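J.: Take a look at the following structure, please.
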Amino acid sequence: MQAELQTALFQAFDTLNLQRVKTFSVPPVTLCGLGALGACGQEAQARGVSHLFVMVDSFLHQAGMTAPLARSLAMKGVAMTVWPCPPGEPCITDVCAAVAQLREAACDGVVAFGGGSVLDAAKAVALLVTNPDQTLSVMTERSTLRPRLPLIAVPTTAGTGSETTNVTVIIDAVSGRKQVLAHASLMPDVAILDAAVTEGVPPNVTAMTGIDALTHAIEAYSALNATPFTDSLAIGAIAMIGKSLPKAVGYGHDLAARENMLLASCMAGMAFPAPVWGCVMRWRTSQGRRCIFRTARPTPCCCQRSWALTGWYAASASVKSVGR
């Protein structure tokens with residue numbers, strides 16, 4: 003009896019200790035630099051992909067921005083089927099339509115080429131196509147799922163950092179609510195950061211997405227369960243955004259500033275998942291369930307109200323260093 007009680011106590015302590023364990027993960031491969039998009043074909047070939055399903059922002063597709071991607075794939079003999087994503091945040095109806103088209107085209111890999119909405123949609127598609135018996139509404143981070151298709155993420159805005167996270171946000175077409183899924187399988191295999199694809203982003207979008215990245219970094223740095231890994235990434239991202247965002251907004255052809263913003267967004271995304279969502283992101287998502295708007299637009303408003311309500315600005319001495 004005493005031995006059984008001792009075992010039960012140890013198991014209880016082990017369970018409590020596991021709840022304190024902090025996870026830090028990043029994409030297996032991250033490529034950065036002007037012309038990095040040209041490596042897409044090589045990365046696809048290395049993963050045994052012969053036919054890529056390219057999910058791209060419809061505006062970027064019409065503007066011919068996928069031409070370098072097509073050349074890269076052609077050089078390695080990788081076929082491609084293009085799926086122009088509708089504007090706005092991804093809807094489950096659009097995701098299901100993309101899954102059906104991917105199956106019809108017999109693609110064996112996915113490329114996400116666009117902003118955070120396109121990347122989120124591509125994550126869901128790559129996962130759902132190999133798990134036809136599952137739905138996003140019933141999946142959890144502990145769900146046992148079949149391996150998704152190989153996934154390459156090419157962000158064209160510096161904001162959400164979705165290319166480095168294991169999270170996707172999809173709108174339920176019936177209820178209009180946002181479904182947030184976090185799962186290890188949602189982490190892309192490759193993140194390609196090429197500033198050339200962000201050069202044409204308008205100043206207002208550059209500003210909004212840049213503030214989104216800054217919010218991610220600040221929340222990651224101020225999280226109660228942040229780690230030295232996430233702290234270094236978050237504070238580095240904050241510093242880079244402070245120096246580069248004004249330049250990227252004021253002079254969009256400054257590719258050095260554009261590249262720094264992509265790096266900062268990526269770093270903030272890497273720092274963000276481990277500490278878990280903070281007050282700003284939770285509130286923004288809850289408001290998004292009632293109002294459908296671009297992700298970055300409400301972020302500054304949510305920052306001001308959330309930090310005022312929580313007394314964030316006086317939470318700890320370490321947080322004060324953010325403004326230095």
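Going by the numbering used here, the sequence shown opens with residue 3, and the numbers climb by one from there.
Heads up, the beta-carbon is just placed ideally off N, CA and C, and yes, glycines get one too.
Since the structure is predicted, the reported quantities are computational estimates derived from the model, not experimental observations.
Taking the C-alpha atoms as reference points, what is the distance between Arg260 and Gln8?
T.: Each residue's alpha carbon lies about 58 Å from the other.
J.: Have a look at Cys268 and Ala102 and give me their C-alpha separation to the nearest angstrom.
T.: 30 Å
J.: Any chance you could list the beta strand (DSSP E) runs of at least 3 consecutive residues sitting entirely within the region 175 to 235, in chain order?
T.: 180 to 184, 192 to 195
J.: With distance defined between alpha-carbon atoms, name the residue in Leu195, Gly50, Gly202, Ile173 nearest to Pro29.
T.: Leu195
J.: Where do the N-terminal and C-terminal ends of the alpha helix (DSSP H) with Gly43 fall, by residue?
T.: 42 to 48
J.: Check whether the Cβ atoms of Val127 and Ala155 sit closer than 8 Å, and answer yes or no.
T.: no
J.: Closer than 8 Å is the cut-off here; do at least three beta carbon pairs connect the region 156 to 164 with the region 82 to 96?
T.: no
J.: Can you tell which of Val112, Ala38, Ala14, Gly212 has the C-alpha that lies nearest to the C-alpha of Val51?
T.: The option with the nearest alpha carbon to Val51 is Val112.
J.: Throw me the rounded Cβ distance for the Gly43 and Met77 pair, which I believe falls under 8 Å.
T.: Confirmed, Cβ separation roughly 5 Å.
J.: Kindly indicate which residue of Val203, Leu264, Lys180, Ala108 has the alpha-carbon position closest to the one of Leu216.
T.: Leu264
J.: Just tell me which of Pro157, Thr68, Pro92 has its CA closest to the CA of Gly178.
T.: Pro92
J.: Jot down the residue ranges of each uninterrupted beta strand (DSSP E) in the region 85 to 132, minimum 3 residues, whole runs only, in chain order.
T.: 111 to 116
J.: Could you have a look at Met272 and say whether DSSP puts it in helix, strand or coil?
T.: helix
J.: At which residues does the alpha helix (DSSP H) containing Ala76 begin and terminate?
T.: It spans 69 to 77 - the alpha helix (DSSP H) in which Ala76 sits, taken as one unbroken run.
J.: Straight-line CA distance for Arg49 to Val80?
T.: 11 Å
J.: Alpha carbons only, please: which of Asp214, Ala197, His53, Leu183 is nearest the one belonging to Ala108?
T.: A check of alpha carbon separations from Ala108 across Asp214, Ala197, His53, Leu183 identifies His53 as the nearest.
J.: If you run the structure through DSSP and keep just helix, strand and coil, what is Phe55?
T.: strand
J.: Roughly how many angstroms lie between the CA atoms of Phe26 and Lys245, to the nearest whole one?
T.: Those two C-alpha atoms are separated by around 27 Å.
J.: Report all residues from its chain with a CB closer than 6 Å to the CB of Phe231; omit the five preceding and five following residues, and keep chain order.
T.: Phe26
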